[in-house]
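Numbering (full-length UniProt numbering), first residue to last: 1 to 147.
C-beta: ideal position from N, C-alpha, C; glycine also.
Please read the structure below before turning to the comments.
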Amino acid sequence: MTGLVITLVIFAVGIAIGLVLRARDGSIRLTRPGSARSSAAADLPAPVVRAIDPESRITLVQLSSAACAPCRQAHARLSAVAERSPDLHHAAIDITEQPGVGSALGVLRTPTTVAYDSTGTEVLRVTGVPDTGALVHALRPHLSPAT
Numbered sequence: 001m002t003g004l005v006i007t008l009v010i011f012a013v014g015i016a017i018g019l020v021l022r023a024r025d026g027s028i029r030l031t032r033p034g035s036a037r038s039s040a041a042a043d044l045p046a047p048v049v050r051a052i053d054p055e056s057r058i059t060l061v062q063l064s065s066a067a068c069a070p071c072r073q074a075h076a077r078l079s080a081v082a083e084r085s086p087d088l089h090h091a092a093i094d095i096t097e098q099p100g101v102g103s104a105l106g107v108l109r110t111p112t113t114v115a116y117d118s119t120g121t122e123v124l125r126v127t128g129v130p131d132t133g134a135l136v137h138a139l140r141p142h143l144s145p146a147t
């Protein structure tokens with residue numbers, strides 16, 4: 001009987017963890033001005049600095065890995081959003097090829113998308129596959145009015 005109770009508790013904990021992770025997937029976290037993550041481009045890893053487009057108001061830097069299925073879905077969504085707006089640029093960095101980038105930015109899972117303004121200041125982060133409508137809404141204050 002004890003084995004059954006332990007099995008049920010482990011099962012319930014697994015379900016709870018899965019529900020929390022699913023609820024957080026695609027969640028958008030705005031970066032507070034003045035926080036450690038909103039620092040200037042001088043503190044960013046070189047591949048991220050190279051990915052930021054100084055001609056665009058916002059660069060969406062997608063951090064992904066080759067074996068990540070949700071990363072392909074995120075790439076398709078982010079590319080489509082960037083194609084529809086002249087203020088947005090999308091760049092992807094494979095952190096399996098450049099693991100220092102992920103650790104320097106505090107990335108715990110892929111896909112993670114970080115939005116930077118043209119100066120390299122972090123605007124927001126998305127973990128998981130982003131909801132494009134929510135992403136555009138969160139970026140609206142940083143885009144030109146016509147976008």
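Item: Assuming residue 206 contacts Ser-64 under a Cβ cut-off of 8 Å, what Cβ separation, rounded to an integer in Å, is found between them?; Value: Shown here, the chain extends from 1 to 147; a query on residue 206 therefore has no answer.
Item: Give the DSSP-derived three-state secondary structure of Asp-117 in the structure shown.; Value: strand
Item: List, from N- to C-terminal side, the alpha helix (DSSP H) runs of 4 residues or more that fit wholly inside the stretch 97 to 142.; Value: 99 to 105 and 132 to 139
Item: Go ahead and pull the three-state DSSP assignment for Leu-44.; Value: coil
Item: On the DSSP letters alone, give me the boundaries of the alpha helix (DSSP H) that Ala-80 sits inside.; Value: 69 to 84
Item: Among the candidates Ala-46, Leu-44, Val-61 and Gly-14, whose CA atom is the shortest distance from the CA of Pro-130?; Value: Val-61
Item: Tell me whether the stretch 42 to 55 and the stretch 115 to 128 touch, counting them as touching only if at least three CB pairs, one residue from each stretch, are closer than 8 Å.; Value: yes
Item: In this structure, how does DSSP classify Ala-91 when only helix, strand and coil are distinguished?; Value: strand
Item: CB-CB under 8 Å to Ala-67, same chain, minus the five flanking residues each way: which ones, in chain order?; Value: Thr-96
Item: When the Cα of Ser-56 is compared with those of Arg-125, Gln-98 and Tyr-116, which residue comes out closest?; Value: Tyr-116
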